[in-house]
Structures are given as structure tokens and as C-alpha cells.
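Numbering-wise, the working numbering puts 1195 at position 112 of the sequence shown, and it's gapless, one number per residue. Note that CB positions come from ideal geometry on N, CA and C, so glycine has one too. What follows is a set of notes on a single structure, which appears directly below.
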Amino acid sequence: MTSAPSAEDTVGNEPRGIAAERLTFFSDAVVAIAITLLALELPLPEGATSAELLRSLGHHQSEYVSFLISFVVIGGHWRAHHRLFNYVTTLGGGLARLTFGWLLTQVIMPFATKVLAEDGGFEFRFVFYAVVQVVALSLFLLMAWQIQRNHLYRADTPPELFGKVYRGIGAMITAFAVSIPFAFFTHWAYACWIVVPLAANLLFRVRRRTAAA
1084 MTSAPSAEDT VGNEPRGIAA ERLTFFSDAV VAIAITLLAL ELPLPEGATS
1134 AELLRSLGHH QSEYVSFLIS FVVIGGHWRA HHRLFNYVTT LGGGLARLTF
1184 GWLLTQVIMP FATKVLAEDG GFEFRFVFYA VVQVVALSLF LLMAWQIQRN
1234 HLYRADTPPE LFGKVYRGIG AMITAFAVSI PFAFFTHWAY ACWIVVPLAA
1284 NLLFRVRRRT AAA
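As C-alpha cells, this is what we get:
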């Protein structure tokens, strides 16, 4: 005789394994919509001649650059989510609530991108975008911690997975957080988003080689 599933094995009336899979599919769909909204916000170049079209493209340069930045950023969020949730087998520890909070930041991203591309008030626009990223990455870090803490992952999960997630996401949180004060002094604050993760990755490799030696 088989016993009825306990409350720990179900979410509502749904087995947790199925619920985890559905949450992953839903997250993929929301991220895809967020990227689509990015493209819908792009302005069309105007002009009757090729020269006018090129001038129009230059006039909207900030919008196009902001689109590329956010496309890469959202793609990075999705890649990290896909890599982690590929091993998630069940829900628990508030994982669903954290995921919905993380998805909210992804949906906000097209709006934050539009704010970033506007003229004037660089400090406010930059800081707003960076704060959205810090919140999104912090929520993702909490998701990873809950997955590890509550053993919501498969038995064949690589032992180094969570370490890589913590290092990678931690480096990106640092990059966006550090860039905020820089934005009040220079427009080159964008460079922090590239330099800090590269420096963190280089430092980790040096330490690993030193430990191996």
C-alpha cells in the first residue's frame, strides 16, 4: 500500500518535482518576454536618404548601446539561472517566492534600460539601473543559497556548482555596487561592470594556481 504524499512532497496539489519544472519553464518564458520588450523599445531611424538615416542612427546611439548592454545582462541572468536550475528537482525554502522576485527585476529591466538611455541626469539614471541589477543578483544569490541549504538539487550535481555561482554572482554584485559611487565622478563608471568581474576571475585563478603549487 502506498501512502498519500505529505505536505513536504507537494506544493498545493502539485508534486514538488513537477512544480520545480513548471517554475523553470515559466522563468524561461518571462525572460524571453523581457528580451523581446527590449527590442520593442528600440527607436526606428528616420530619413529620406541614406545620410539622414545614418544621422538618425547616430542620434539614437545611446538607445542602441543601452539595448546591447541589457541584452547581454539579461542573457547573463538567464544563463546563470539555466545552469543552476538544471539541477533543481524540488521546491522549498521560499524558492518560488524568491524566483518571482527575481523575475520582477527581469521584467523591470526594459524600463530600466529606457531610463538609462535618456539624456541628462546621468547619475540618477545610472544608479537606478545599477540598483536594479544589484537587487536581481542578490535575489539570485539567495535562490542559490536556499537550493543548497535545503538540498533541492539532484544527487549528481557537480560539487563545485554552488562555489562557481557564489563567486560569479558575487563578483557581478560587487561590480554594479562599486560602479554606483563612480557614477558621481565619471561616465566611465560603466567600465566597473567589466573590470571588476575580470579582476575577480583573475584573482581566483592566481589563488588556485598558488594553492595547487
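With a CB to CB cut of under 8 Å and the five nearest residues on each side skipped, what residues in its chain are close to residue i?
i, result
"F1287", "R1250"
"L1121", "F1150, S1153, F1154, I1157, M1192, P1193 and T1196"
"A1227", "L1167, F1245, V1248, Y1249 and I1252"
For a cutoff of 8 Å on Cβ pairs, would you count residue i as touching chain C?
i, result
"V1190", "Absent here is chain C; the protein component of the structure consists of one chain."
Can you list, in chain order, the residues of its chain whose CB lies under 6 Å from that of residue i, leaving out five sequence neighbours each side?
i, result
"E1206", "A1266 and F1267"
"A1274", "none"
"I1101", "none"
"R1291", "none"
I need the DSSP call for residue i, collapsed to helix, strand or coil.
i, result
"S1089", "With a pLDDT of only 40 at S1089, under 50, the local geometry of the prediction cannot be trusted, and no value is derived from it."
"R1291", "helix"
Would residue i pass as a contact of residue j if the rule is Cβ separation under 8 Å?
i, j, result
"S1110", "L1186", "yes"
"A1238", "V1171", "no"
"V1215", "M1192", "yes"
"I1152", "A1117", "no"
"Q1229", "G1177", "yes"
"S1283", "A1260", "The sequence shown places Ala at residue 1283, not Ser. No; because the gap between Cβ atoms is not below 8 Å, this pair is not in contact."
"V1248", "Q1189", "no"
"T1182", "L1244", "no"
"H1160", "A1219", "yes"
"T1257", "V1279", "yes"
"L1125", "E1146", "yes"
Can you give me the Cβ contacts of residue i inside the same chain, cut-off strictly under 7 Å, excluding the 5 residues immediately before and after it?
i, result
"P1241", "none"
"A1272", "F1209, S1262, F1265 and A1266"
"W1276", "A1258, F1259 and S1262"
**Request:** Would you mind listing the alpha helix (DSSP H) stretches within the segment 1224-1283 that are 4+ residues and don't spill past its ends, in chain order?
**Result:** 1244-1265
**Request:** Check whether the segment 1214-1225 touches the segment 1157-1164, taking contact to mean three or more Cβ pairs, one atom from each stretch, closer than 8 Å.
**Result:** yes
**Message:** Three Cβ pairs or more, each shorter than 8 Å: is that satisfied between the segment 1232-1239 and the segment 1186-1200?
**Reply:** no
**Request:** Enumerate, from N- to C-terminal direction, the unbroken alpha helix (DSSP H) stretches of 4 or more residues contained entirely within the segment 1174-1218.
**Result:** 1178-1200
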